[in-house]
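Chain order of the listed sequences is A and B.
Here my numbering = 1-based position in the first sequence + 179.
Here my numbering = 1-based position in the second sequence + 13.
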Amino acid sequence: MKTTTFLLATSALTLAAGSASAIDLTFVSWGGAYQDSQLKAYAEPYMALHPDVKIVWDESSAEAVAKLRAMHEAGNLTWDLVDVTVSDSIRLCDEGLAKEIDFDADLAPAPDGTPATEDFGATLQNDCFIPQIVYSTTWGYRTDKVGDTPPSTICDVFDLAKYPGKRAMQKRPIDNVEWALYCDGVAKEDLYSVLGTDEGVARAFAKLDTIKDQVVWWTAGAETPQLLADGEVVMGSTFNGRLFSAIVEQKQPIAMLWDMQSYDLDGWIVPTGLAPEREAVVMDFLKFATDTQRLADQAKYISYGPARASSAPLVGKLEGTDIEMAPFMPTDPANATNVLHYDYTWWADHRDDLDAKFQAWLAQ
Amino acid sequence: MTDTVDTGPMRAADGTPLKVSLARALRRQKIRALALVAPLLIFVLVTFIAPIADMLFRSVENQIVHDTLPNTVRALADWDPSSAETPGEPVYAGLAIDLQTAAEMKAHTRLGSRLNYEDPGISSLFRQSGRNVDDFGKAAMKELVAADPAWKDGATWGNLLGTDKWVEAQTAWGADKTGLQPAFKARSGVAGTLPRTLGAYALFAADARESGRKSALESKPWPALATALEQDLRAAAPESLSALEGIDTALLARTRDAVDAAAPVDYRADFLAMDKDWASPDVWRTIRVFSPQYTAGYFLNSIDLEKTYEGITKRPPEERIYVTLFVRTLWMSMLITFCCLLLGYPVAWLLANLRASTANVLMILVLLPFWTSLLVRTSAWKVLLQQQGVINDLLVWLGLVDDGHRLAMINNQFGTIIAMTHILLPFMILPLYSVMKTIPPSFLRAARSLGATPWTAFWRVYFPQSVPGIGAGSILCFILAIGYYITPELVGGTQGVFISNRIAFHISSSLNWGLAAALGTILLAAVLLLYYVYDKIVGIDNVKLG
């Protein structure tokens, strides 16, 4: 009895002593292969350098905005670093839920000394968002169902005569209305001024109407690869990383159509209201995890392009294989000949409005 | 017997009337009973009822406009929203102060996203204007400091606007900086003479108090204070300034002369130069319509109406969705409930009438889906129902369906009905089963032996006794069905989604919690109404869960 009590007491003491110096951080991400790539490229090397830091993961990025707001209102913040898309970061920044970043001071410069703001360039979209990767929403098609002339432009999606069959599209207006207007003859630089008018929106929906009864609408990124694999659809849009694993890892008869791929960004935000000592560790992690080498390392595990210009030349092969990653990167020059840079700020203003119109259009 | 007549009221042993004594004993018992359930009651109130009430309250709450733009809202009351003219200079002058204080507290973007729900584009307008709006204040501060450098000092502002006692307490706090800073108290008389400055300073002091690092007296004064003071000094009569007690009136008089000598700022022109949207009457109409502290706007939006300066109007046809979705949610939930009943009734009957060993196996089959993930079950239906799926393949193989015309059974209402009926079936079977178990089989045999046909025996004898189970199962299924959103989202396509999908969207994506709360309140009210109707028609006493 006595020994047990003694053992219990000492182990409790050790635990207490251990937790006094160590720090547990909760990072929020998307789960799956993407979170694994962050774990391998950023978190594990960082924890190896700092044994007193322990990182645990929460797979809640999809509901991050709502949850952060709820935590803020309840005054009980349990997250230290959150991975979000750039459009969510605009909302969080506007709501005062994300900390403003001084990019040049808080992030590491490129190896040649280029300051962070220049190295990240156009991927810096607002005061709170620290970019990690460039991904894109693009199209995949069944190589065995498109005949001898596979689709080569985005407008082939709207060509039912040439490519009959169903298409999978995301159940939201973003990207879809841009593609529709572009294929209706609107120049790329005029897309948002046209969309800003009621006639422009009607025009986009009219174009989408031409394929509406052939569209399967998806909400989760995994649906399109499954629909393509089952032969439910001939072509479908999804995130390029999903298509990569369907093609390379599952060896499905699928190929990618990069024309008018829609660039999007994913990155970190630091929640406001962290205790100063936690914030210091988080900022230190960020400086490490967003430097040139670390961003390039992430591309070993997943086919998303690093957000820094200086990381691009360092992108190599898929870890443990002979597969070159570059041809699957949205940022690869061969893939990036015609890219849709969707306008985050415009969408931040008009998303709710267009979404209501889009839902009403769907319900017709 | 006769002697009891005259003794008056019956009395207990201690002489108190029996009635009183009995009531006291009962009351004690009631209190004891209440104390026993109190932990649960308080738990339910605190963790369930209160959060729901708080969430629902958001459907009418709208303080943000009034609190963030107090000066603007006050000045805007004089503007005629039906005019095509933009409001006058006082509104822009008020906005110059409000937007600066809001930007200091980072509240302008929050207000922008609130108003953006009503008028797309306002969010950017506020975000961008907030970046440069302190140019007004910096210019005004320069002017003040030129008149007297004391304005650079936080203490000058504190002495002018706070009570002597507050300044004293604040100084004492500054010495050791422990605990919370004392709450700001305004000097008497300032509110009448320097209202704008006082309003801005109260926010400044509160902000310093909240950040907790520096005393308000030591903090660098916000540029917004200079804008406010400049406006106040221009508006105030000289004698009202000198009548202020306990402050450096000479400083105020000197500053006033300097302000008067300078050319007044044209706030309207400057705002228009900042962003031409400030000239749009629509922006001002939106701010005006949504300036009251409580609004019916969210509720109107949830039934496809909108609040404008002209009153309540219908939304444009291409934006009307909510009524359609409410109606669809209700009728599809009823249909799903009916399908559950149709399929569940015979199964429950079998369960109740088979031998115990066989019934147990059957029971496990009923419960099995309960133990499987909802997503797995929904995905399984996709595999079965899709056009290249198992059922279509089978039909084509049998030659019942032509390969070119495979049936569309998913991503439409049919898919939602099938998948949800399957998911909700156990909720119908279990209450039915527990009621049927209590109906003695001898009743049916008796009916048959008295000459009833099998149908009459079932319909006149068995069925009426199973009605309480039908009631319970239907209520359970229906209430669960109208709140579902994952399954409709995955298999509903465009025609099979429910109102809950929109609620989920507004909670987690658009952050329009007010609208989500209004939609939720309407849904809750509809359920309670249906429950009431059900009670009137069938009677809630006729519901049995077992």
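Each residue gets a CB set at the ideal place from its N, CA and C atoms; glycine is no exception.
Just so we're clear, the structure is a prediction, and the values are computed from it rather than from any experiment.
Query: Is DSSP giving residue 379/A helix, strand or coil here?; Result: helix
Query: What would DSSP say about residue 543/A, mapped onto helix, strand or coil?; Result: coil
Query: Could you compute how far the alpha carbon of residue 479/B sits from the alpha carbon of residue 378/B?; Result: 22 Å
Query: Can you give me the Cβ contacts of residue 360/B inside the same chain, cut-off strictly under 6 Å, excluding the 5 residues immediately before and after it?; Result: 442
Query: Specify, as a first and last residue, the run of the alpha helix (DSSP H) that residue 491/B falls within.; Result: 476-495
Query: Could you list which residues in chain B have their beta carbon closer than 8 Å to that of residue 538/A, in chain order?; Result: 334, 515
Query: When you compare only the Cα positions, how much space is there between residue 374/A and residue 355/B?; Result: 49 Å
Query: Tell me whether residue 243/A is buried or exposed, calling it buried when 16 or more other Cβ atoms sit within 10 Å of its Cβ.; Result: buried
Query: Suppose the cutoff is 7 Å on Cβ atoms and the five residues either side in sequence are ignored; what does the same chain contact list for residue 295/B look like?; Result: 132
Query: With 16 other CB atoms within 10 Å as the buried threshold, where does residue 402/A fall?; Result: buried
Query: Any heavy atom of the ligand GDP closer than 7 Å to the CB of residue 228/A?; Result: Summarising the ligand content, the structure contains no ligands, and the ligand GDP is consequently not present.
Query: Run through chain D and tell me which residues come within less than 8 Å of residue 529/A, C-beta to C-beta.; Result: The structure shown contains no chain D; the protein chains it does contain are A and B.
Query: If contact is defined by three or more beta carbon pairs under 8 Å, each pair taking one atom from either stretch, is the region 506-518 of chain B in contact with the region 325-339 of chain B?; Result: yes
Query: Return the CA-CA distance between residue 461/B and residue 454/B, expressed in angstroms with no decimal places.; Result: 11 Å
Query: Evaluate residue 411/A with the Cβ neighbour count: other Cβ atoms within 10 Å of its Cβ, from every protein chain shown; 16 or more gives buried, anything less gives exposed.; Result: buried
Query: Determine the direct distance from the alpha carbon of residue 266/A to that of residue 527/A, and round the result to whole angstroms.; Result: 7 Å
Query: Any idea if residue 190/A is buried or exposed, counting beta-carbon neighbours within 10 angstroms, 16 or more meaning buried?; Result: Because the pLDDT of residue 190/A is 46, which lies under 50, any placement of that residue in the model is unreliable, and the question is left without a value.
Query: Starting from the C-beta of residue 232/B, find all residues in its chain whose C-beta is less than 6 Å away, skip the five residues before and the five after it, and write them out in chain order.; Result: 167, 221
Query: Hey, could you find the ends of the alpha helix (DSSP H) residue 435/B is sitting in?; Result: 426-449
Query: Okay, do the region 310-327 of chain A and the region 439-455 of chain A touch, 3+ Cβ pairs below 8 Å being the bar?; Result: yes
Query: Put residue 545/A into one of helix, strand or coil per three-state DSSP.; Result: Residue 545/A lies beyond the residue range present for chain A, which begins at 180 and ends at 543; the question has no answer from this structure.
Query: Is any beta-carbon of chain A found at less than 8 Å from that of residue 520/B?; Result: yes
Query: Mind checking which residues open and close the beta strand (DSSP E) that includes residue 545/A?; Result: No answer is possible for residue 545/A: the residues shown for chain A start at 180 and end at 543.
Query: Using 10 angstroms around the beta-carbon of residue 468/B, count the other beta-carbons present and answer buried if the total reaches 16, otherwise exposed.; Result: exposed
Query: Taking Cβ positions, are residue 151/B and residue 158/B nearer each other than 8 Å?; Result: no
Query: Judging by CA-CA distance, which residue of 304/B, 125/B, 188/B is the nearest neighbour of residue 524/B?; Result: 125/B
Query: In whole angstroms, what separates the C-alpha of residue 554/B from that of residue 501/B?; Result: 33 Å
Query: Please state whether DSSP places residue 348/B in a helix, a strand or coil.; Result: helix
Query: Are the C-beta atoms of residue 562/B and some chain A residue less than 8 Å apart?; Result: Given that chain B is displayed from residue 14 to residue 559, the structure contains no residue 562/B and the question cannot be resolved.
Query: Is the region 457-477 of chain A touching the region 209-220 of chain A, taking contact as three or more C-beta pairs under 8 Å?; Result: yes
Query: Name the chain A residues that come within less than 7 Å of residue 318/B, Cβ to Cβ?; Result: In chain order: nothing, as chain A lies at least about 13 Å away.
Query: For residue 389/B, count the other beta carbons within 10 Å of its own beta carbon; 16 or more makes it buried, fewer makes it exposed. Which is it?; Result: exposed
Query: Bridge partners of residue 440/A, per DSSP?; Result: 518/A
Query: Just list the alpha helix (DSSP H) runs in the region 322-399 of chain B, keeping only unbroken ones of 4 residues or longer that don't cross its boundaries, in chain order.; Result: 335-366, 369-380, 387-398
Query: Provide the residue(s) that pair with residue 235/A in DSSP beta bridges, ordered along the chain.; Result: 205/A
Query: Just to confirm before moving on: does the CB-CB distance between residue 143/B and residue 122/B stay below 8 Å?; Result: yes
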